[in-house]
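Worksheet: one structure, shown below.
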Amino acid sequence: MAEPRAFKRIVLGLQPSAPASIMNLAVELADLLHLDLLGLFLEDTSLRDLASMPFAREFRLLEGGWRRLDLDRLVEDFELAARSTERMFAHATKGLPIRCQFEVIHGSTGETIASISRTDDIVMIVEPASPVGRATQQFSWLIEAAFQSAAAVLLVPIHIARTSGSVVAIVASPDDPSLDAAAAIAIAAREELVVFEAREGIIDDAYIRRLAADFSLPIRHLAGSLSLFASGALPPAFRQLRERLVVMTRGVFGDEVALTIAAARRAPVLVIEPPEMRPKATE
Numbered sequence: 032m033a034e035p036r037a038f039k040r041i042v043l044g045l046q047p048s049a050p051a052s053i054m055n056l057a058v059e060l061a062d063l064l065h066l067d068l069l070g071l072f073l074e075d076t077s078l079r080d081l082a083s084m085p086f087a088r089e090f091r092l093l094e095g096g097w098r099r100l101d102l103d104r105l106v107e108d109f110e111l112a113a114r115s116t117e118r119m120f121a122h123a124t125k126g127l128p129i130r131c132q133f134e135v136i137h138g139s140t141g142e143t144i145a146s147i148s149r150t151d152d153i154v155m156i157v158e159p160a161s162p163v164g165r166a167t168q169q170f171s172w173l174i175e176a177a178f179q180s181a182a183a184v185l186l187v188p189i190h191i192a193r194t195s196g197s198v199v200a201i202v203a204s205p206d207d208p209s210l211d212a213a214a215a216i217a218i219a220a221r222e223e224l225v226v227f228e229a230r231e232g233i234i235d236d237a238y239i240r241r242l243a244a245d246f247s248l249p250i251r252h253l254a255g256s257l258s259l260f261a262s263g264a265l266p267p268a269f270r271q272l273r274e275r276l277v278v279m280t281r282g283v284f285g286d287e288v289a290l291t292i293a294a295a296r297r298a299p300v301l302v303i304e305p306p307e308m309r310p311k312a313t314e
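Using my numbering, read the sequence shown as starting at 32 and increasing by one per residue.
Given below as structure tokens:
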């Protein structure tokens, strides 16, 4: 097996509303792959800017109407949420042999992701809990900033269907790095690898057999339709899988395909950069 991309750190943006299962997923993946874990509690300063404006209002149901945004209360609520989340992070990472760090970041969410992420990072983007949150421009900016960074991106639905199961590689070319990345994760997790070719005949069967034999790795080899993936639809065989994680390479399909798969399958989707798109790592 070719050496997969050497990841060194998972960057997790933490929200007070995110369920504990999301943090547990980040901890499990970091421990499984021997990666550092950076938990970021993000305060988007645009909310403070809004609260400072004299016309800004919020609707308080229990108080029977619109009230001016209380900046002091916003600050206090944020600090309480940050301390609570830090305690949860410390509890979830207690005793792990990996380096775990928690930081509170003030600033634009998109700019924070762009400035902090590195070529050897996996940036976890968690779907907002509410439909309103998913539809906001802020979430769109976060997705855009993550995909424009040098890091790999792990898209995580708010409700995950399975915490065990196969690792799926969507392979679109003979040298697609998603195959080796997915194989490395499947080996570490002791799970089945499903090689899903975007069209039949991309991968040499002899390579698959060697990979299975060398690592005692159970492998299923399926073929789908490139046109279906490109249109955002899922081939019927894909819908019958019971996967815990999907790995695909960026640039083969539009970024919205990864979002579609994560939402439809309720499974995390790891989008890695192809070698030609990765900046050279700095020492």
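Heads up, the beta-carbon is just placed ideally off N, CA and C, and yes, glycines get one too.
- When secondary structure is reduced to three states using DSSP, valine 106 falls in the helix class.
- DSSP places isoleucine 53 outside any beta strand (DSSP E); the residue lies instead in the alpha helix (DSSP H), whose first and last residues are 51 to 64.
- Per the Cβ contact rule, the segment 173 to 190 is in contact with the segment 283 to 297 (3 or more Cβ pairs under 8 Å).
- If you check the CB distance, alanine 229 and valine 278 do not come in under 7 Å.
- At least 7 Å separates the beta-carbon of alanine 145 from that of alanine 113.
- Within its own chain, the residues whose Cβ lies closer than 8 Å to the Cβ of leucine 173, once the five positions on either side in sequence are excluded, are Gly44, Thr140, Gly141, Ile144 and Ile156, listed in chain order.
- DSSP, read as helix, strand or coil, puts valine 283 in coil.
- If you check the CB distance, alanine 121 and threonine 150 do not come in under 7 Å.
- Under the three-state reduction of DSSP output, aspartate 67 falls in the strand class.
- For isoleucine 129, the secondary structure class from DSSP, reduced to helix, strand or coil, is coil.
- For isoleucine 156, the enclosing beta strand (DSSP E) starts and ends at 152 to 157.
- In the same chain as alanine 183, and ignoring 5 residues on each side of it, the C-beta atoms closer than 8 Å to its own belong to Arg36, Phe38, Asp152, Ile153, Val154, Leu301, Val302, Ile303 and Glu304, in chain order.
- In this structure, the CA atom of aspartate 108 is about 30 Å from the CA atom of glycine 126.
- In the structure shown, glutamate 304 falls within a coil segment according to DSSP collapsed to helix, strand and coil.
- Its chain contains Leu71 as the residues whose beta carbon lies nearer than 6 Å to that of glutamate 134, once the 5 sequence neighbours on both sides are disregarded; these appear in chain order.
- Restricting attention to Pro208, Ser195 and Leu63, the CA atom closest to the CA of valine 226 is found in Pro208.
- For serine 197, the uninterrupted beta strand (DSSP E) run begins and ends at 197 to 202, by DSSP.
- The beta-bridge partner set that DSSP reports for phenylalanine 72 consists of Leu45 and Val135.
- Going by C-alpha positions, serine 247 is about 20 Å away from leucine 276.
- Relative to threonine 280, the option among Arg297, Ala212, Asp236 and Leu242 whose CA is nearest is Ala212.
- Selection Phe170, Leu69 and Ser52 evaluated against glutamate 158 yields Phe170 as nearest (Cα-Cα).
- Gln179 is the residue among Gln179, Asp286 and Leu210 whose C-alpha sits nearest the C-alpha of isoleucine 147.
- Per DSSP, arginine 273 lies in no beta strand (DSSP E) segment and is marked neither H nor E.
- Arginine 273 is classed as exposed because its beta carbon has fewer than 16 other beta carbons within 10 Å across all chains shown.
- One Cα belongs to tyrosine 238, the other to proline 306, and the distance between them is close to 20 Å.
- Note on serine 52: under 16 other CB atoms within 10 angstroms of its CB, so exposed under the neighbour-count rule.
- Here DSSP, grouped into helix, strand and coil, assigns leucine 185 to strand.
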